[in-house]
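Down below is the structure, laid out as structure tokens.
There are 2 protein chains.
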Amino acid sequence: MANFGEGWDVFCSVLFVLLALHDVRSFSPQTKRNVLLFVGDDAGFETQVYNNTVCKTPHLDALAKRSVVFKHAFTSVSSCSPSRSAILTGLPQHQNGMYGLENSVHHFVSFDGVRSLPVILKQSGIRTGIIGKKHVGPESVYQFDYSKTELDGFPIMQVGRNITLMKQFAHEFLSSTDPRPFLLYIGFHDPHRCGHTQPQYGQFCEKFGNGDPGMGKIPDWVPTTYDPGEVIVPGFVQDTPAARGDLAAQYTTISRLDQGIGLILKELELAGYTDDTLVLYTSDNGIPFPNGRTNLYDSGMAEPLLVSSPAHTERWGHESNAMASTVDLTPTVLDWFGIPYPDYTLNREAVRLTGQSLLPVLQREPSTGWDTVYASHNLHEVTMYYPMRVVRNRRYKLIHNMNNLAPFNIDQDFYISNTFQDLLNRTRSGQPTHWFKTLKDYYYRPQWELFDHQADPLETTNLAGDRRYASVLSDLKEQVLRWQNATNDPWICAPWGVLENSGLYKEKPTCMPMDNGL
Amino acid sequence: MANFGEGWDVFCSVLFVLLALHDVRSFSPQTKRNVLLFVGDDAGFETQVYNNTVCKTPHLDALAKRSVVFKHAFTSVSSCSPSRSAILTGLPQHQNGMYGLENSVHHFVSFDGVRSLPVILKQSGIRTGIIGKKHVGPESVYQFDYSKTELDGFPIMQVGRNITLMKQFAHEFLSSTDPRPFLLYIGFHDPHRCGHTQPQYGQFCEKFGNGDPGMGKIPDWVPTTYDPGEVIVPGFVQDTPAARGDLAAQYTTISRLDQGIGLILKELELAGYTDDTLVLYTSDNGIPFPNGRTNLYDSGMAEPLLVSSPAHTERWGHESNAMASTVDLTPTVLDWFGIPYPDYTLNREAVRLTGQSLLPVLQREPSTGWDTVYASHNLHEVTMYYPMRVVRNRRYKLIHNMNNLAPFNIDQDFYISNTFQDLLNRTRSGQPTHWFKTLKDYYYRPQWELFDHQADPLETTNLAGDRRYASVLSDLKEQVLRWQNATNDPWICAPWGVLENSGLYKEKPTCMPMDNGL
């Protein structure tokens, strides 16, 4: 039994018991099966599929009619590179090493020994391709056979937003005479913001390639524009002209993403793969609005998820209430191909996937076993250290903010946005913000946040200090710690403890207290 | 002129003016010159050279008689991997990307585009070798021709503490018939603590290889043991039996390091290179005691530094008061070989060395220009986020603690030590600690710390809030910010600002205020 020191005894009995979710399988790889995985960039629920009646997404809508639509899917981490690493490894960011963004000075990479989906597939005789935004490293861990990404020297705007070019690359990949089954990963850069890096194209690059003077022309794109007055403002965004303007621009790029999906699904059909190919659509993290991306509130953590299987047509067009996570995608793909889940050692710790295949949900709505998801966050930009751990079940969510004494940081991209500047300026001048919280509360958070989603879907009332919820709090703390343990979380003792796990503590890792409250 | 936003105007006038310390040189590489660089691991001033009359270091003493002894040398960062990266690149950790430890889950690496000393030397026809502890990555950046390190599969205990084996590897390297000049880097693992990982060998691995039952035998080592009652307790360490016991153990391993230096200098002599070889000795960071390693107080930042040049015998045995930094080592070695300093672009920013060659100091004591050093720290273990920036001149030191609202963290290695446990237990039980500060003050630090070294060498009185020092504070703030700018510091706007440096701000990077004090 592990000894987590004084103050940790409540958790002792459950620690270092490895989760045993999966047995190693011994199937042979399926030979007539392929996977097409679409990942939107900061995409949310602004689609007809998720009951947004304004933003036009006919292609996602058509895909949904051949899919199970997950109504309660969540990202493992609300930050781009870490999320993509979780999608492609089945491991939370704190376990695969991708603690923050990959690009520029942020420079995070997964551990060299990580057995990622493309690596496993390659070893199993599956051809792998990636088109668009990649944003994970190192190359040796995330190696695809066919790669047209920003890390291959292509401008991210071209491979991620020029849907004609993306279609052409998809055509090239799908035209191959290589007889192996394949996985093709399409990383749209839409509907990511762009005011931060390419302001000439608008706040969301909604003008890029629209045919206006100086904007270039994406041949296959029929731009759809929206009236800021008609957009649907999510409850966690202030209803002001600035935010509405941003949302209208975002809708335009969501329409582009939607048309891109249509183009690529058409290529799949023309290549004759529609009836062999599992198609998935999701996003990396919440939308880039206040309380969204980089947060693990539901506004940053909930994700769209469509799973379309030609081998599981019985629930096409149905919705599922199963709580799914982006760490379920790797086991789903492996299950689809009949490939055993990886089981290995990393940094001297056993690694086993904690997600589960979504395929059974395509056959029937589960009655048990799909009621809890977890999430974790460490950094986004390298200067934004804000580790959080989350357990979310059908009713409650617990967030553990580990650097909560410092203010929650704002990223470069969001800071410069009209929406955030509007919040900042309204706050400064004492005007009504029309937001559901104050910037001060947004910056300074308690160490523990407990929300009752049944009564409070917007997560406005923290119940962590309410005695009536003491046992809920205690159970969820224990649960999140058990998950941290099962996923070899280096932050398992944070913030007030020091993890000792070598020498005398090699066999009984222990959280030792700093006694910071002296 | 850069605009660093509201509250930053005091610094505006000096920002984004690049330091122009060095002209690119056009010398041809010297062909009869070599370098031997010794790096101790957590080594401090417990040597006869630095007036410690107890710890026996005859070989360092002999080297000092052929050296200039720097009395005011400082590390660029008080953490192992970051410091080694600064030594081997001439760039502070925040500029080369090695923000924390390289090993295990910490997993920091320098940017792929960094032009390190071994890379530059290799391109200039210099043969490079490394024996012992390396602890930096990636391999492509820190590639040596000859490598016997923990990253090559050797046990760190063997290549870093077994001085007979280290001698044999040095012999192999020095016996090569390769006619190229060389740099040989010797990374001792002594006198690093070892109670954390290998407690069977004692707190500092002082028993490893001493011939006692089960301890093995290092043939060339004559162990020296010390009475805890006779050790000299530094002013920043509590004078208690526990700390004295640790210091006595540390002395034993310092003696082993000293004998290792003697063995390798003997190999150099036998190979006939003594009269061609620049020999340097320093350490990576302060000693692993309270207020030492991972701190940028002088107790963590001041370093031993010996520079022995056969071409500059005029000041052999002299002391220098020049303030030197470990980022001066790369320019010193390049200067010795007559190789131009690197000048390139990294993450779209110009990179130029900000250190300076120490060779002129070997000829005469400088009267100006060696009065200021800088240091920076981000993390040590990945869970220990505590960015600090420091400017230190002859009289004053300013420390900017950027995550000071959170407690300063204790690392796994030091936490478990007898010395720290003694402090913790004494604090808990209300006994006198015999320490010069409280644990509470150690954990919780103000954002700015200003010390007057003339009046207060132990840095006990923070003058940052003292109005009499307002202009000193203001000048030093400006100076440290200018240095952050010259070294492309991603933390230049931390903790309360967001750096915008692309899109509209590409040509005028700007710190934008979060207004966290709302």
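Protein chains in written order, with full-length UniProt numbering: chain R, 1 to 518; chain A, 1 to 518.
Backbone N, C-alpha and C define an ideal beta-carbon position, used for all residues, glycine too.
DSSP three-state label for residue i, please.
i: D190 of chain A; result: coil
i: A375 of chain R; result: strand
i: M384 of chain R; result: coil
i: T277 of chain A; result: strand
i: V333 of chain A; result: helix
i: H135 of chain R; result: coil
i: A302 of chain A; result: strand
i: A486 of chain R; result: helix
i: F414 of chain A; result: helix
i: H196 of chain R; result: coil
i: E365 of chain R; result: coil
i: V498 of chain R; result: strand
i: R84 of chain R; result: helix
i: F108 of chain A; result: coil
i: M98 of chain A; result: coil
i: L458 of chain R; result: coil
Against chain A, does residue i count as a neighbour if the rule is that its beta carbon must be under 8 Å from one of theirs?
i: D343 of chain R; result: no
i: Q168 of chain R; result: no
i: T330 of chain R; result: no
i: P104 of chain R; result: Checking the sequence shown, residue 104 of chain R turns out to be Ser, not Pro. Cβ-Cβ to chain A under 8 Å: yes for S104 of chain R.
i: T487 of chain R; result: no
i: N347 of chain R; result: yes
i: L280 of chain R; result: no
i: Y50 of chain R; result: no
Just to check my reading of the structure: residue i and residue j have Cβ atoms closer than 8 Å, yes? What is that Cβ distance to the nearest angstrom?
i: F111 of chain A; j: L101 of chain A; result: Their Cβ separation, rounded to whole angstroms, is 17 Å, which puts F111 of chain A and L101 of chain A out of contact at 8 Å.
i: T128 of chain A; j: L183 of chain A; result: 5 Å
i: V237 of chain A; j: T419 of chain A; result: 7 Å
i: P118 of chain R; j: Q95 of chain R; result: With 8 Å as the limit, P118 of chain R and Q95 of chain R do not qualify as a contact, their Cβ atoms being about 18 Å apart.
i: A324 of chain R; j: L305 of chain R; result: 6 Å
If we cut at 8 Å on Cβ distances, does residue i have a partner in chain R?
i: residue 527 of chain A; result: Because residue 527 of chain A is not part of the residues shown, which for chain A are 1 to 518, the question remains open.
i: G195 of chain A; result: yes
i: T383 of chain A; result: yes
i: T128 of chain A; result: no
i: K508 of chain A; result: no
i: L504 of chain A; result: yes
i: C511 of chain A; result: no
i: S28 of chain A; result: Reliability of the predicted coordinates at S28 of chain A is poor, the pLDDT of 49 falling under 50, and no value is obtained from them.
i: R426 of chain A; result: no
i: W483 of chain A; result: no
i: W435 of chain A; result: no
Chain A partners of residue i, CB-CB under 7 Å?
i: S474 of chain R; result: Those do not exist, as S474 of chain R stays about 24 Å from chain A at its closest Cβ, beyond 7 Å.
i: I416 of chain R; result: E500
Chain A partners of residue i, CB-CB under 9 Å?
i: P407 of chain R; result: L405, P495, W496, M514, N516
Residues of chain R with a CB under 8 Å from the CB of residue i: which are they?
i: V54 of chain A; result: Residues of chain R passing the Cβ test: none, with the nearest at roughly 28 Å.
Using a Cβ cut-off of 7 Å, pull out every chain R residue sitting near residue i, in sequence order please.
i: F111 of chain A; result: H107
i: P199 of chain A; result: G503, L504
i: W491 of chain A; result: T383
Quick one: list the residues of chain A neighbouring residue i, beta-carbon separation under 8 Å, in chain order.
i: I410 of chain R; result: V498, M514
i: G97 of chain R; result: V105, H107
Identify which residue in the options has its Cα closest to the Cα of residue i.
i: M388 of chain A; options: A:H377, A:L398, A:V382; result: A:H377
i: M166 of chain R; options: R:I492, R:E150, R:S308; result: R:E150
i: L280 of chain R; options: R:P509, R:K65, R:R394; result: R:K65
i: residue 534 of chain A; options: A:L329, A:S85, A:P241; result: This structure cannot speak to residue 534 of chain A, because chain A is shown only from 1 to 518.
i: H189 of chain A; options: A:S255, A:Y444, A:L476; result: A:S255
i: E449 of chain A; options: A:K440, A:A464, A:L458; result: A:A464
i: A455 of chain R; options: R:K397, R:F408, R:Q431, R:P495; result: R:K397
i: S104 of chain R; options: A:V391, A:V54, A:T345, A:S367; result: A:T345
i: P432 of chain R; options: R:D239, R:H196, R:L329, R:G40; result: R:D239
i: T294 of chain A; options: A:P228, A:P213, A:N409; result: A:N409
i: H318 of chain A; options: A:D178, A:G132, A:S67; result: A:S67
i: L60 of chain R; options: R:V35, R:P360, R:T282; result: R:T282
i: P213 of chain R; options: R:T224, R:Q200, R:D220, R:T225; result: R:Q200
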